[in-house]
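Residue numbers (the numbering used here): 420 to 560.
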């Protein structure tokens with residue numbers, strides 16, 4: 420029913436952290452196993468539920484998870500749209516950015532640092548903090 424793991428694996432390489440990938444995959448499996456979306460879209464065809472479009476929305480880590488889920492579901496729901504508010508920054512590859520431009524919209528509000536900082540910057544900050552602590556003559560306990 421949904422795209423196979425092999426079909427989407429190339430699309431989600433270098434995307435987000437392992438936790439968000441696992442969460443998105445868990446949600447995808449639940450949606451498929453329990454036929455949640457099929458039942459929702461077919462709930463009341465007289466009222467047009469079969470004409471509804473799928474929209475995913477998330478904020479912060481949920482935005483990252485929603486974006487990954489959008490990639491996983493895109494093949495089965497080609498009109499799917501995702502609105503990602505303040506997603507973790509710098510964790511999606513350029514090929515993935517190009518692939519998702521038509522169906523994922525990211526919104527960054529104000530001076531929120533989370534969407535603006537990338538994985539490389541976080542790793543650099545971590546290394547700097549560790550080196551500073553090692554060089555410090557102050558007690559660590």
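C-beta: ideal position from N, C-alpha, C; glycine also. Keep in mind the model is a prediction, meaning the values are calculated, not measured.
How many Å lie between residue 524 and residue 548 at the Cα?
34 Å
Under the rule that 16 or more other beta-carbon atoms within 10 Å means buried, what is residue 546, buried or exposed?
With fewer than 16 other Cβ atoms within 10 Å, it is exposed.
Compare the beta carbon distance of residue 482 and residue 506 with 8 Å and say whether it is the shorter of the two.
A contact, by the Cβ cut-off of 8 Å.
Excluding the 5 residues preceding and the 5 following residue 540 in the sequence, name in chain order all residues of the same chain whose CB lies nearer than 6 Å to its CB.
none
Within 10 angstroms of the Cβ of residue 554, are there 16 or more other Cβ atoms? Answer buried if so, exposed if not.
exposed
Going by DSSP in three states, residue 440 sits in which element: helix, strand or coil?
helix
Where residue 552 and residue 559 are concerned, what is the direct C-alpha to C-alpha distance, given to the nearest angstrom?
8 Å
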